[in-house]
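Protein chains in written order, with full-length UniProt numbering: chain A, 1 to 590; chain B, 1 to 590.
Dropping the structure here:
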């Protein structure tokens with residue numbers, strides 16, 4: 001069973017990702033390091049004792065749909081209620097609406113723990129957070145007053161409604177339509193698919209944020225507007241009124257996260273017979289500017305999905321390590337004990353476990369660094385805010401894609417460590433891979449993230465932001481070098497090499513994009529993102545270890561640098577030399 | 001739906017893996033190239049039209065156990081009957097017992113197709129084949145006469161009973177006991193787990209091969225004997241007699257291959273109340289020499305499991321390609337068509353599909369080359385037979401582990417190509433990953449295979465066999481180089497580099513083993529096996545293309561060489577420089 005790695009999370013937040021420095025600058029009012037520790041510890045306790053027991057029951061029971069109502073698995077409602085009563089949903093919400101206004105870093109750290117407990121449970125509140133951000137930034141004041149207090153507390157949950165059968169990665173292709181009503185509201189007609197927590201019984205109301213198209217809207221992404229469509233209409237005093245014309249038409253049968261209802265949502269199909277047809281919606285932001293509003297919530301949702309990769313990897317690692325310490329088979333080389341050795345003593349199993357732990361720690365640090373940048377941007381001004389906003393934008397696709405890719409890798413290695421038991425569902429290792437497998441897909445596939453990184457993020461600040469980031473990472477390698485610590489082995493040299501590969505591949509891509517060689521650049525996008533994640537992650541692991549006095553951390557940083565980082569050369573090669581053979585091979589696909 | 005890639009299979013068999021040359025030497029009697037083609041085509045038809053429809057129904061229905069009886073999914077019995085009536089089970093069986101005596105290469109090629117249709121279906125006959133081999137090589141004549149005709153025809157199926165809860169990778173730890181009876185038979189007591197097709201309703205009888213320990217046996221692997229234990233006792237005339245005291249105590253709830261019953265088998269628990277307790281067994285080979293007999297079947301079973309990795313990868317590729325050609329999202333760079341382009345036009349999707357196809361083709365060629373070596377050893381004599389036996393031994397762990405690793409990788413990429421649809425079970429892509437995930441585990445985990453390769457296979461013929469194999473592969477690179485074909489790009493150079501990495505890493509490991517630095521060698525085993533697979537696979541893809549006139553094949557070989565092969569440098573580095581940091585990092589595991 002999952003036990004929150006509280007010390008590791010705190011160290012990554014405060015030392016590696018920069019929270020301590022930000023606290024010293026007084027960016028977060030009277031938030032102190034001690035309070036950070038206390039919050040993480042308390043969240044860790046809740047995640048380990050209350051959320052983690054939901055993991056298996058969620059997988060087994062799923063979320064059946066009957067007569068338009070979705071039932072969450074046994075115990076989920078109670079834990080959700082306890083969870084919001086503990087104030088966990090309100091952690092980062094605006095203080096004006098009852099939130100605690102804490103930094104995004106704490107949100108992400110706690111998200112990690114909820115999702116380690118159960119990804120299917122953890123994903124729900126992520127969407128509420130996105131809805132809060134969109135409403136806070138773009139909604140009219142009366143809507144904010146009416147909805148935000150209850151979304152912040154968690155009394156109601158939120159959803160994001162983008163996808164339609166023909167509009168997945170290409171959201172501009174959506175067809176759901178919105179018509180203007182005489183009272184200034186809108187009527188929404190159409191259906192959406194893959195709506196996470198689109199219908200459930202955890203809360204009395206569900207606040208759907210829906211992308212739709214007005215009759216006179218321009219084509220494509222410039223004709224999309226964002227609407228708030230509550231499941232139950234809300235009276236002016238905040239009490240619940242009539243049922244709105246939005247219903248769940250089906251729940252998907254998925255590979256994993258069975259506890260998370262993935263719904264088809266049908267708007268304006270006249271199920272609410274007592275009224276005019278159409279789901280009543282309220283415009284958020286301006287007409288035809290919906291995509292900009294949606295990006296507000298999508299960016300942070302991407303980071304939140306990234307942390308799911310870290311979360312499931314952490315759980316998989318803990319499970320595999322516990323098994324490897326317990327299970328005895330054969331005698332490892334050098335084993336001096338009685339009889340068979342625990343399999344953790346076998347070098348090949350150590351490689352598996354260290355790979356799991358190294359990738360998890362690297363991805364965690366990247367995700368926390370991204371959260372840090374979001375916090376710095378929010379608490380900064382002018383050039384500084386722009387700098388940190390660029391940093392958040394640069395790191396978001398990496399935090400999403402690298403973390404969720406390694407989430408799948410690590411969960412799969414975790415099965416392998418269990419041998420035959422890993423394939424038996426009751427062991428629980430298989431569920432982690434089934435759960436993890438969604439994260440590289442939703443909130444923009446990892447291919448889309450890689451293209452975003454190459455096409456839009458490398459050019460931030462005229463390309464200087466990326467260069468500056470690498471310079472910062474090089475400082476860490478310098479510090480490792482200067483430490484002269486024997487336990488780092490060749491870490492510094494390896495970091496320099498990896499960062500050189502990152503810089504070189506990045507420059508090549510910047511040049512390709514600048515020259516309009518888009519296919520060449522896109523062909524290298526996925527290897528580049530992985531290269532970015534490995535090089536940055538290795539550097540953060542070293543940063544976590546350097547200057548400290550923790551043998552485990554320096555040994556892990558060294559293992560990562562000397563075993564996993566060597567891949568960067570091949571990835572750089574793929575970026576720079578791979579496109580020609582890739583683009584020439586269309587003929588081989590048949 | 002799967003369509004057998006008949007042309008690719010034939011080309012890989014005949015050209016790449018060397019069947020044509022062996023046919024020319026007259027090694028297989030009157031078997032001709034035309035007959036090979038006809039057999040592959042006919043098997044392909046059966047696999048595509050009869051086996052493939054079992055895939056989904058197997059996953060949904062599983063194999064429920066009730067009152068000791070296991071029911072296979074609807075339609076399975078009929079297809080199995082048709083399949084044996086078609087003579088497919090008897091393809092390679094000894095002619096003396098009704099088999100067709102065809103080469104192992106054809107067995108492996110057809111296994112690929114059955115398993116592409118449905119891994120859960122395909123695994124059953126694999127075990128029968130193993131039982132046939134063990135009986136043919138080691139059983140007394142009366143047992144051979146009684147059992148082999150029906151095992152060869154497929155009227156009865158076979159199983160392998162090795163694993164016990166405390167004895168997985170370490171088979172020497174098994175506790176199932178055998179007692180000598182006065183009539184020369186034995187009584188078996190104990191239980192076995194993870195027994196594939198241990199109980200089912202496809203055949204009237206099931207022939208269990210069971211490892212057990214005599215009361216006076218030495219400890220460990222030198223005290224293990226192999227017994228034949230039929231589900232139903234067989235009268236001297238071959239008719240069925242009384243039920244034997246072996247029963248299925250449970251069927252596992254697995255991540256995938258739900259159509260394949262994975263059973264706990266209980267021997268001698270007295271369920272057959274009308275007789276003395278103990279399951280009646282017959283010794284195969286000599287007492288305490290059971291492991292040697294078991295290795296006869298295990299080696300080929302490892303290759304057969306390897307081909308499962310190829311098989312599921314092929315199905316995943318076909319499925320992903322079909323989806324990518326149909327699904328339209330956004331406009332790919334350079335897309336000139338109307339509206340959105342099929343996603344196959346996007347470079348990042350092409351990378352995914354080419355990676356899938358390249359890895360599948362590479363693994364197929366390695367597996368077929370291994371089968372070729374088995375055939376050459378069987379049809380050769382003296383030094384030649386020894387040479388080919390070494391070759392089969394060298395390639396078996398690679399054919400098992402590399403193929404099943406890429407099976408998981410390719411199935412996972414296949415999900416990714418489908419986007420959100422990939423995560424929905426009805427799409428079928430998720431099942432392929434769930435099915436594929438067992439293959440790196442059973443028949444010796446891939447970690448065990450890597451250790452076998454490093455510890456026992458690199459030293460064959462005093463290390464010269466490995467060196468000679470690389471020299472053969474270099475000849476292919478030379479041929480590519482000499483072809484001067486523009487479509488190969490840098491393939492030759494890349495192959496030389498990859499083979500140098502393989503040679504260098506192999507020499508380092510040979511030296512480490514020779515010097516007794518076992519931990520160092522084992523630490524590098526898994527990266528070395530992958531390096532071996534990539535370098536050999538890339539070379540085989542080039543061999544398939546060179547001299548031919550097929551633009552797709554040379555483009556694929558080039559893509560593999562220029563995009564995937566670059567990884568060998570990092571893998572070599574991990575082998576040679578990785579152990580120090582790995583072994584120093586035990587402290588990081590907590």
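Yeah, the Cβ is synthetic: ideal placement off N, Cα and C, and Gly gets one too.
Quick check on DSSP: helix, strand or coil for residue i?
{"i": "residue 161/B", "result": "strand"}
{"i": "residue 167/B", "result": "strand"}
{"i": "residue 593/A", "result": "Because residue 593/A is not part of the residues shown, which for chain A are 1 to 590, the question remains open."}
{"i": "residue 108/A", "result": "helix"}
{"i": "residue 427/B", "result": "helix"}
{"i": "residue 257/A", "result": "coil"}
{"i": "residue 73/A", "result": "coil"}
{"i": "residue 155/A", "result": "coil"}
{"i": "residue 419/A", "result": "helix"}
{"i": "residue 277/A", "result": "coil"}
{"i": "residue 222/B", "result": "helix"}
{"i": "residue 185/B", "result": "coil"}
{"i": "residue 346/B", "result": "coil"}
Pull up the distance between the alpha-carbon of residue i and that of residue j, whole angstroms please.
{"i": "residue 366/B", "j": "residue 326/B", "result": "32 angstroms"}
{"i": "residue 68/B", "j": "residue 436/B", "result": "28 angstroms"}
{"i": "residue 176/B", "j": "residue 250/B", "result": "18 angstroms"}
{"i": "residue 418/A", "j": "residue 324/A", "result": "7 angstroms"}
{"i": "residue 187/B", "j": "residue 526/B", "result": "41 angstroms"}
{"i": "residue 335/B", "j": "residue 581/A", "result": "19 angstroms"}
{"i": "residue 9/B", "j": "residue 258/B", "result": "27 angstroms"}
{"i": "residue 403/B", "j": "residue 398/A", "result": "30 angstroms"}
{"i": "residue 591/A", "j": "residue 509/A", "result": "Here chain A covers residues 1 to 590 and nothing more, so residue 591/A does not appear."}
{"i": "residue 605/A", "j": "residue 319/A", "result": "Residue numbering for chain A in the displayed model covers 1 to 590; residue 605/A lies beyond these limits and cannot be assessed."}
{"i": "residue 434/B", "j": "residue 256/B", "result": "5 angstroms"}
{"i": "residue 224/B", "j": "residue 213/B", "result": "5 angstroms"}
Would you say residue i reaches chain B, if we count a Cβ-Cβ gap shorter than 8 angstroms as a contact?
{"i": "residue 518/A", "result": "yes"}
{"i": "residue 321/A", "result": "yes"}
{"i": "residue 250/A", "result": "no"}
{"i": "residue 456/A", "result": "no"}
{"i": "residue 357/A", "result": "yes"}
{"i": "residue 551/A", "result": "yes"}
{"i": "residue 183/A", "result": "no"}
Nearest chain A C-beta to residue i closer than 8 angstroms, yes or no?
{"i": "residue 559/B", "result": "yes"}
{"i": "residue 2/B", "result": "no"}
{"i": "residue 632/B", "result": "Limits of chain B in this structure are 1 at one end and 590 at the other, which puts residue 632/B out of reach."}
{"i": "residue 573/B", "result": "yes"}
{"i": "residue 416/B", "result": "yes"}
Is it true that the CB of residue j sits closer than 8 angstroms to the CB of residue i?
{"i": "residue 459/A", "j": "residue 513/A", "result": "yes"}
{"i": "residue 75/A", "j": "residue 54/A", "result": "yes"}
{"i": "residue 311/A", "j": "residue 122/A", "result": "yes"}
{"i": "residue 522/A", "j": "residue 451/A", "result": "yes"}
{"i": "residue 551/A", "j": "residue 501/A", "result": "no"}
{"i": "residue 396/B", "j": "residue 302/B", "result": "yes"}
{"i": "residue 555/A", "j": "residue 362/B", "result": "no"}
{"i": "residue 316/A", "j": "residue 410/A", "result": "yes"}
Evaluate the contact criterion for the stretch 451 to 468 of chain A versus the stretch 79 to 87 of chain A: three or more CB pairs, one atom per stretch, below 8 angstroms. With the cut-off at 8 angstroms, the stretch 451 to 468 of chain A and the stretch 79 to 87 of chain A do not touch.
Given 8 angstroms, three or more beta-carbon pairs between the stretch 191 to 208 of chain B and the stretch 149 to 162 of chain B: Under the Cβ criterion (8 angstroms, minimum of three pairs), the stretch 191 to 208 of chain B counts as touching the stretch 149 to 162 of chain B.
Assess, as a yes-or-no matter, whether the stretch 131 to 147 of chain B is touched by the stretch 224 to 243 of chain B under the definition of 3 or more beta carbon pairs within less than 8 angstroms. Taking a contact to require three or more Cβ pairs closer than 8 angstroms, the stretch 224 to 243 of chain B and the stretch 131 to 147 of chain B qualify as touching.
Determine contact between the stretch 33 to 49 of chain A and the stretch 164 to 171 of chain A, defined as no fewer than three beta-carbon pairs at a distance below 8 angstroms. When Cβ pairs closer than 8 angstroms are counted between the two stretches, the stretch 33 to 49 of chain A is seen not to touch the stretch 164 to 171 of chain A, the count staying below three.
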